[in-house]
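Asker: Here it is, the structure, as structure tokens.
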Amino acid sequence: MIDFSEEQLQRYSRHILLADVGVEGQARLAEARVLVVGAGGLGAPVCLYLAAAGVGTIGIVDADCVEISNLQRQICHFTHNIGDAKADSAREKMLAINPEITVNVHYEYLRADNVLGIIGGYDFVVEGTDNFPAKFLVNDACIMAKVPFCHGGILRFRGQAMTVIPGESACYRCVFREPPPPDAVPSCSEAGVLGAIAGMLGSIQAAETLKFITGAGRLLTDALLTFDAKDMEFRKIPLSCQEDCPVCGEAPEIDSLIDYEQGGCALAGA
Amino acid sequence: MEVTVNGEKKRYDCRAMPVDALLADNRVEAPEMVSVQLNGRIIDRQRYRDTLVVDRDEVEFLYFMGGGR
Ligand SMILES: [Zn+2]
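Residue numbers (my numbering), protein chains in the order written: chain D, 13 to 282; chain W, 1402 to 1470.
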């Protein structure tokens, strides 16, 4: 096990104080490898919290550059980062918070032909993408590669999250069989989102990641957490593995990865 | 019949109702952006018309949420 220095013991003291984390849990965090798909509204708080928590290796997948319209919610990007690669902008802040970690950047959009190679090196994936083709691709790839992940989605004042342990708990496709027709999906610019919603949902995903690594508590598996910030109502809807799920069911009809047509957010990637 | 929809009990003056009528009654404007779970099973979209909801059923409308950026 890792031998923490006096300074590290201080840095992580509020974790170490937790009976469910302790020095052992902190050591597991230091040895963990987590991939964050999308350094946007959800990915930004996830990246910051995982870096602060001392997750040893964090990968970021994002091919986009920072735009001024991102700054209302994507809190790891600052005004001076406009035009920079989001992955670099996120990495800069993560290393400023915690220079002891390693941050890998993947300037790519996930596709059927590269996703397995990218997620293969990680213990856990945080799915913070903004489009259904990417959400289904991450689900299917994680099921096939048996990599646990946490799904997150936000829209207007609402958010949803679920953690998936392949082979054990319900997957995204158990609930959402296939991407909705592209013309039914409201575009990003049409729908809008309250900035702080991204922080709420991203923090939930970061907490799930830290729980998975340390083994603390019970994961958000076989359940969909949904909230509506307009009245601050949270619900945890029980789910179960569906035997007719096209990817994790008893006779899966999907045996290869699919690049779906992009919906409303036509140009948006991870 | 009494049906629980998204955690709330609702009364209907009928003994059974197809899933598509329940969606309409609950003013779900874009059913293609919703998955329907009936007593723990996800209902196939093509079967909304011939799947009946009856007394004491539990129904969840699960919304697709695509945003993340
Ligand atoms: Zn499944």
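C-beta: ideal position from N, C-alpha, C; glycine also.
Going straight from the alpha carbon of E245(D) to that of M212(D), what length do you get?
Answerer: Their backbone Cα atoms lie some 13 Å apart in a straight line.
Asker: What's the call for G1467(W), buried or exposed, on a 16-neighbour Cβ count within 10 Å?
Answerer: Buried.
Asker: Any heavy atom of ligand 1 closer than 7 Å to the CB of R185(D)?
Answerer: R185(D): yes, Cβ under 7 Å from ligand 1.
Asker: Anyone know if the C-beta pair for D135(D) and R45(D) falls short of 8 Å?
Answerer: In this structure, R45(D) lies closer than 8 Å to D135(D) by Cβ.
Asker: So what's A280(D) in DSSP terms, helix, strand or just coil?
Answerer: Note on A280(D): pLDDT 38, under 50, position unreliable in the model; no value is reported.
Asker: Given that a residue counts as buried once 16 or more other Cβ atoms are within 10 Å of its Cβ, and exposed if not, what is K147(D)?
Answerer: With 16 or more Cβ atoms within 10 Å of its Cβ, K147(D) is classed as buried.
Asker: Helix, strand or coil for I87(D), going by three-state DSSP, please let me know.
Answerer: I87(D): coil per DSSP, three-state reduction.
Asker: Taking 7 Å as the cut-off, does the CB of G1441(W) come closer than this to any heavy atom belonging to ligand 1?
Answerer: Outside the cutoff, so no.
Asker: Using a Cβ distance threshold of 8 Å, determine whether the stretch 13–27 of chain D contacts the stretch 1430–1446 of chain W, with at least three qualifying pairs required.
Answerer: At 8 Å Cβ cutoff, the stretches do not touch.
Asker: Assuming V150(D) is part of the alpha helix (DSSP H), what are its boundary residues?
Answerer: Start and end: F144 to A157.
Asker: Taking 7 Å as the cut-off, is the CB of V1404(W) close to at least one heavy atom of ligand 1?
Answerer: The answer is no for V1404(W).
Asker: Can you tell me the Cα-Cα spacing of K248(D) and E43(D), whole angstroms?
Answerer: So the alpha carbons of these two residues sit roughly 31 Å apart.
Asker: Any beta carbon from chain D within less than 8 Å of L1463(W)'s own beta carbon?
Answerer: Answer yes: the Cβ-Cβ gap between L1463(W) and chain D drops below 8 Å somewhere.
Asker: Ignoring anything shorter than 3 residues or poking outside the stretch 194–259 of chain D, list the beta strand (DSSP E) runs there in chain order.
Answerer: Correct list: 235–240 and 245–250.
Asker: Which residues share a DSSP beta bridge with A173(D)?
Answerer: The partner list for A173(D) (beta bridge, DSSP) reads G164(D) and L237(D).
Asker: Q86(D): beta carbon under 7 Å from a heavy atom of ligand 1?
Answerer: Flag unset: Cβ of Q86(D) not near ligand 1.
Asker: Compute every distance between the C-beta of A182(D) and the non-hydrogen atoms of ligand 1, then say whether any falls below 7 Å.
Answerer: At least one heavy atom of ligand 1 is nearer than 7 Å to the Cβ of A182(D), so yes.
Asker: Does the beta carbon of C253(D) fall short of 7 Å from some heavy atom of ligand 1?
Answerer: Answer for C253(D): yes, Cβ within range of ligand 1.
Asker: Residues in the same chain with beta-carbon distance under 6 Å from R85(D), minus the five sequence neighbours each way, listed in chain order, please.
Answerer: Answer for R85(D): G53, G207 and A210, listed in chain order.
Asker: Evaluate K223(D) with the Cβ neighbour count: other Cβ atoms within 10 Å of its Cβ, from every protein chain shown; 16 or more gives buried, anything less gives exposed.
Answerer: Per the 10 Å Cβ criterion, buried.
Asker: In three-state terms, what does DSSP make of I72(D)?
Answerer: In the structure shown, I72(D) sits in a strand (DSSP, three-state: E or B).
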